[in-house]
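All residue numbers for the sequence shown refer to this note's numbering, where the first residue is 138 and numbers rise by one.
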Amino acid sequence: MATGPWDCRTHWSFVPMGFRQRCTISTSHPRPFDHVIAERFRDSSRAQPWRADQPLERLIGYFNQRGQDPKGWKDMREAEGRITLAAGQGSEFFARRGRGALGVLCLRLSPRDPQTLRQLRLQAYWDGERHPGIDAPIGHFFAAGARWQDIPALLVGVEGEWGYCYFPMPYWREASLWLVNSSTGPVQCDWQIAWRSRPYPREHAGHFRAWFHREEPTTLGRDYLFLHTVGRGQMVGVVQTMLGGHWCEGDERFYIDGGRSPAFYGTGTEDYYLAACWPNRDFHSPFHGTVGDIVAEASAAGAGPRGFYNFRACYYRFHLDAPIRYESELHAAIEHGGTNDTRSSYTSLVYYYQQDRRGLIQSDALSMGSATKESAHELSAPAATHYPLTQYFEGDDDDVPVAFTVLSTLAPVRCRLDIDPRNLGVRLRRVFDQKEARQWAEVWIDGEKAGDWYDADGNPYKRWAESDFELPPRLTKGRRRLHVEFRPRTGHPAWTLAELAAYSHVEDGPSTAALRPTLTPHEP
Numbered sequence: 138m139a140t141g142p143w144d145c146r147t148h149w150s151f152v153p154m155g156f157r158q159r160c161t162i163s164t165s166h167p168r169p170f171d172h173v174i175a176e177r178f179r180d181s182s183r184a185q186p187w188r189a190d191q192p193l194e195r196l197i198g199y200f201n202q203r204g205q206d207p208k209g210w211k212d213m214r215e216a217e218g219r220i221t222l223a224a225g226q227g228s229e230f231f232a233r234r235g236r237g238a239l240g241v242l243c244l245r246l247s248p249r250d251p252q253t254l255r256q257l258r259l260q261a262y263w264d265g266e267r268h269p270g271i272d273a274p275i276g277h278f279f280a281a282g283a284r285w286q287d288i289p290a291l292l293v294g295v296e297g298e299w300g301y302c303y304f305p306m307p308y309w310r311e312a313s314l315w316l317v318n319s320s321t322g323p324v325q326c327d328w329q330i331a332w333r334s335r336p337y338p339r340e341h342a343g344h345f346r347a348w349f350h351r352e353e354p355t356t357l358g359r360d361y362l363f364l365h366t367v368g369r370g371q372m373v374g375v376v377q378t379m380l381g382g383h384w385c386e387g388d389e390r391f392y393i394d395g396g397r398s399p400a401f402y403g404t405g406t407e408d409y410y411l412a413a414c415w416p417n418r419d420f421h422s423p424f425h426g427t428v429g430d431i432v433a434e435a436s437a438a439g440a441g442p443r444g445f446y447n448f449r450a451c452y453y454r455f456h457l458d459a460p461i462r463y464e465s466e467l468h469a470a471i472e473h474g475g476t477n478d479t480r481s482s483y484t485s486l487v488y489y490y491q492q493d494r495r496g497l498i499q500s501d502a503l504s505m506g507s508a509t510k511e512s513a514h515e516l517s518a519p520a521a522t523h524y525p526l527t528q529y530f531e532g533d534d535d536d537v538p539v540a541f542t543v544l545s546t547l548a549p550v551r552c553r554l555d556i557d558p559r560n561l562g563v564r565l566r567r568v569f570d571q572k573e574a575r576q577w578a579e580v581w582i583d584g585e586k587a588g589d590w591y592d593a594d595g596n597p598y599k600r601w602a603e604s605d606f607e608l609p610p611r612l613t614k615g616r617r618r619l620h621v622e623f624r625p626r627t628g629h630p631a632w633t634l635a636e637l638a639a640y641s642h643v644e645d646g647p648s649t650a651a652l653r654p655t656l657t658p659h660e661p
């Protein structure tokens, strides 16, 4: 995957590997770089245990049908046309009223030069929205953020003169698509669209959105933002371009549902895009790839050693194998340079689905050290010790001190937490001192075991961490409070608690429509 003076390879697997109780992944490599994405369910029956003979034909087919619509919809209607836009002109080119979903969007541009790719924008308005749900430079939308070339990704890409998008785009009242030409010359665009009138169930689907962002230059000391959004949904992909500086070591850091610890914490930008040993050669898979080869471009231009720093790189990653789901908010960002220390030019487009309402609300929280709060929550931990601690969370704010009082115990600890009786399950969130790794406790709810809460990681330098534990509806639905007990596992470090919160999963959470991400100007 590399084009430098080395030969580096990455190995990846998109095979689903379900488990009901626990999963252990190990390696004998002395210096491994690895990424693992795991999703935990409130209902364990959703996890089908891995089998060596499980069918993989559908997954293998994705590698053999790139550039083709993989959905297999049979009842689509089609339309096509041509639109010509003068400089500065915008125009609607497709509209539908009623319920349905777009399934195919293909565009052919003339010209396809860098200015057009940056300054011709695709906009989509769903169900009477005031602001577009999609507002994207046309190049980024088709994963051609730096150059137009064949990009054989599964749901978004380029084949010859045509860019294609096969993401389903549901609507329940109306859909409107626009092209806006901010370039200095005319643009001609041929379009092909296919849709069907069969509606998605409104309660289980969201609008398809794409949010563009750019920073020129990047902000020293702060992560580059992919997306901050409030609501309920899932992030399904990102296209990113980078120019200037040794940016390859920046780690992705994604925070889910207001968490203070990153739920996703990577090992470098090239690793996030499942490549290795930057700079990377042109390569593509259904789910990730590098668009172009900046080393080859620099060499052809006679740019000399390290001249590739002055050529814009482009990557894409689609989380179709493991969508990044969130119930109340998502903050997705990535470092620039090894420690946010480069002044580079970054652009990105994030694809996501969202309902503008929260599906997770905080119902109660207990901070240790306050006798009044501990009494109100019926805290019982007679064998515990308490100590004050000022420390740091990992992530973008790892230089911001945070003070808590920590409860530490090898014996059972009990408390009461209020919850919303409308809940469809409850998430417990624990702030703890991760100086000692492999803290393990059984979780009991009103006398019934709910499972084991185990945190493998430890960090003696950034000691604060948050961890989540999902409770199934059978233990929580219809109840207004829970009696929670933690029974630390013998032979493991003390169980530590600085804060314990209960979040209720709800179907009809408060609206977040007024908190939509602010649009970023496409050009300085």
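Using N, Cα and C, we set each Cβ at its ideal position, and we do this for glycine too.
Keep in mind that this is a model prediction, so the values were computed, not measured.
With residue i as the anchor, note down where its alpha helix (DSSP H) starts and where it stops.
i, result
"V537", "That residue, V537, is in no alpha helix (DSSP H); it is neither H nor E in DSSP."
"D408", "T406 to Y409"
"R255", "P251 to Q256"
"E434", "I431 to A437"
"F278", "I275 to F278"
"K510", "A508 to A513"
Could you compute how far the alpha carbon of residue i sits from the alpha carbon of residue j?
i, j, result
"V563", "G368", "18 Å"
"C302", "N477", "33 Å"
"L244", "A602", "46 Å"
"I162", "A459", "17 Å"
"D535", "R397", "10 Å"
"K208", "C414", "34 Å"
"H514", "S500", "13 Å"
"L128", "V152", "The structure shown does not extend to residue 128, since the chain spans only 138 to 661, so no value can be given for it."
"E340", "R233", "21 Å"
"E194", "R346", "30 Å"
"M138", "V317", "Bear in mind that the predicted position of M138 carries a pLDDT of just 48, short of 50, making it unreliable; the figure below should be weighed with that in mind. Using only the alpha carbons, I get a separation of about 36 Å."
"P167", "T147", "16 Å"
"I132", "D360", "The requested residue 132 is not part of the displayed model; the chain covers only 138 to 661."
"R203", "H473", "31 Å"
Could you spell out where the beta strand (DSSP E) holding residue i opens and where it closes?
i, result
"G198", "Element bounds for G198: not the beta strand (DSSP E) but the alpha helix (DSSP H), E194 to N201."
"S500", "L497 to S504"
"S109", "Residue 109 lies beyond the residue range present for the chain, which begins at 138 and ends at 661; the question has no answer from this structure."
"Q576", "Q576 to I582"
"Y598", "Taken as a continuous stretch (DSSP letters only), Y598 belongs to no beta strand (DSSP E), as it is neither H nor E."
"F349", "H344 to E352"
"I162", "No beta strand (DSSP E) contains I162, which DSSP labels as neither H nor E."
"V550", "V550 to D555"
"R618", "R618 to P625"
"I461", "I461 to Y463"
"T702", "With the chain represented from 138 up to 661, any question about residue 702 goes unanswered, as that position is not in the structure."
"L362", "Y361 to V367"
Going by DSSP, what residues sit across from residue i in a beta bridge?
i, result
"N477", "None; N477 has no bridge partner."
"D327", "R219 and R245"
"H707", "The first residue shown for the chain is 138 and the last is 661, placing residue 707 beyond what the model contains."
"V376", "Y453 and L486"
"C385", "C385 is not bridged to any residue."
"S313", "A232 and Y262"
"C302", "L242 and V293"
"G237", "Y308"
"F569", "A602"
"H425", "R454"
"K586", "W581"
"Y392", "H468"
"G155", "P186"
"V563", "L608 and S641"
"S517", "R551"
Mind reading off the beta-carbon distance from residue i to residue j? Whole number of angstroms is fine, and I expect it under 8 Å.
i, j, result
"L364", "Y483", "Their Cβ separation, rounded to whole angstroms, is 13 Å, which puts L364 and Y483 out of contact at 8 Å."
"R418", "S648", "Between S648 and R418 the Cβ distance is about 46 Å, and since that is not below 8 Å, they are no contact."
"W632", "T546", "6 Å"
"A518", "L544", "6 Å"
"Q371", "W315", "Q371 to W315, Cβ: 25 Å. No contact."
"D394", "S465", "5 Å"
"C552", "V643", "Their Cβ separation, rounded to whole angstroms, is 22 Å, which puts C552 and V643 out of contact at 8 Å."
"R449", "A283", "4 Å"
"V550", "F623", "5 Å"
"A663", "G294", "The displayed coordinates of the chain run from 138 to 661. Any statement about residue 663 would go beyond what the structure contains."
"A639", "L554", "4 Å"
"E607", "R177", "6 Å"
(request) Would you be able to state if there are at least three C-beta pairs under 8 Å between the stretch 208-227 and the stretch 325-332? (result) Yes, the stretch 325-332 touches the stretch 208-227.
(message) Can you confirm whether the stretch 423-440 touches the stretch 282-302 when touching is taken to mean that 3 or more C-beta pairs between the two stretches lie within less than 8 Å?
(response) Yes, the stretch 282-302 touches the stretch 423-440.
(message) Does the stretch 306-315 come into contact with the stretch 232-243, if we say contact requires no fewer than three beta-carbon pairs (one atom in each stretch) closer than 8 Å?
(response) yes
(request) Would you check if there are 3 or more beta carbon pairs closer than 8 Å linking the stretch 400-411 to the stretch 258-277? (result) no
(message) I want to know whether the stretch 383-393 touches the stretch 251-266 - three or more CB-CB distances under 8 Å.
(response) no
(message) Under 8 Å: do the stretch 520-535 and the stretch 607-617 share three or more Cβ pairs, one atom per stretch?
(response) Taking 8 Å as the limit for Cβ pairs, the verdict is that the stretch 607-617 does not touch the stretch 520-535.
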